[in-house]
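S.K.: Mind looking over this structure? Questions follow.
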Amino acid sequence: MLQMLERTVAHNGLVASFALVGLVMWIASIASHKLTFGRVHGSAIAILIGLALAYAGGAFTGGAKGIADVPLFAGVGLMGGAMLRDFAIVATAFEVQPAEARKAGMVGVLSLLLGTVLPFIVGACVARAFGYTDAVSMTTIGAGAVTYIVGPVTGAAIGASSDVIALSIATGLVKAIIVMVGTPLAAGFMGLKTPRSAMIFGGLAGTVSGVSAGLAATDRRLVPYGALVATFHTGVGCLLGPSVLFFATRALAGA
């Protein structure tokens with residue numbers, strides 16, 4: 001009976017991955033309500049659980065794909081891939097009312113540019129402070145501070161080492177978690193009450209997962225607007241990272 005169940009799960013990896021993620025979200029939601037009284041959104045707790053499972057899966061199998069290296073949960077690799085991720089982002093953006101989106105105007109564009117450049121500068125400075133003084137490493141880690149997708153894309157384009165690319169991903173994940181946890185706490189101070197303010201916040205924060213989870217814990221109606229602008233960070237960062245930002249960093253820091 002157990003062997004038949006294992007074969008069924010192994011042959012339906014994507015279905016099993018949805019079940020696993022659903023279980024994690026259910027546990028995270030309960031933990032959010034019972035332990036933090038809703039102050040920390042369930043998505044933030046779910047990401048921490050996911051990171052722990054990824055580490056445990058990699059340590060158990062000796063692989064490089066985390067829990068996806070476990071045959072029963074191989075479908076997690078497909079579920080977490082670019083296809084379904086981009087589908088979810090596009091589906092979220094379809095909830096936006098065009099009339100409200102136009103209200104952001106040039107302020108939204110400016111926030112998008114600031115939200116790309118400022119995190120890059122902070123990330124590059126921190127990288128230099130910790131001994132990564134070459135332009136390639138500084139640019140890669142700085143790009144990771146924009147989003148955890150921009151970091152590896154930029155690093156691969158300019159020839160960064162795998163260790164530096166891993167650091168850029170970790171930088172982006174830390175930023176996403178900080179935004180998730182910090183948004184509900186600072187929402188009153190930032191005035192996150194309207195679609196326009198949510199779009200400006202999404203442009204400055206930059207991480208789709210962090211902005212979406214943070215706004216969901218603040219006001220679910222604002223999620224599509226914040227995610228709409230934050231989504232552009234990946235494209236803008238991937239364009240500017242290996243080109244303008246890299247050349248600027250190399251000019252200032254040297255080769």
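For the sequence shown, the numbering used here gives the first residue as 1, with consecutive numbering after it.
Built from N, CA and C at the ideal position, the CB exists for glycine as well.
The structure presented is a predicted model; accordingly, all values stated were derived computationally and were not measured.
1) By the DSSP assignment, the alpha helix (DSSP H) with S197 in it spans what residues?
2) Tell me whether A160 is buried or exposed, calling it buried when 16 or more other Cβ atoms sit within 10 Å of its Cβ.
3) Which term fits I165, buried or exposed, when burial requires 16 or more other beta carbons within 10 angstroms of its beta carbon?
4) Are the CB atoms of M138 and I124 within a distance shorter than 7 Å?
5) Is DSSP giving S161 helix, strand or coil here?
6) Along the alpha helix (DSSP H) that carries I30, what are the first and last residues, could you check?
7) Go to V229, then tell me how far its alpha helix (DSSP H) extends in each direction, as first and last residue.
8) Do Y225 and P184 come within 7 Å of each other at the CB atom, strictly closer than that value?
9) If distances are taken between C-alpha atoms only, which option among G142, S162, G131 and I169 comes closest to I149?
10) Enumerate in chain order the residues of its own chain whose CB-to-CB distance from G210 is below 6 Å, with the five nearest sequence positions on each side excluded.
11) Identify which residue in L252, L228 and V236 has its Cα closest to the Cα of G144.
12) With DSSP as the reference, label G131 as helix, strand or coil.
13) Is the beta carbon of V146 closer than 7 Å to that of P119?
14) If you follow the alpha helix (DSSP H) that V208 is in, where does it begin and where does it stop?
15) What number of angstroms, rounded off, separates the C-alpha of A216 from the C-alpha of V174?
16) Less than 7 Å between C-beta atoms, sequence neighbours within five positions excluded: which residues of the same chain meet that for A74?
17) For a quick check, are the C-beta atoms of V229 and G188 less than 7 Å apart?
18) Taking the straight line between their C-alpha atoms, what separation do you get for V223 and M199?
M.R.: The answer reads as follows:
1) P195 to A205
2) buried
3) buried
4) The residue asked about is misnamed: residue 124 is Ala in this sequence, not Ile. Result yes, Cβ atoms of A124 and M138 sit closer than 7 Å.
5) coil
6) G13 to L35
7) V223 to L240
8) no
9) I169
10) A176, V179 and M180
11) V236
12) coil
13) yes
14) V208 to T218
15) 19 Å
16) G13 and A68
17) no
18) 9 Å
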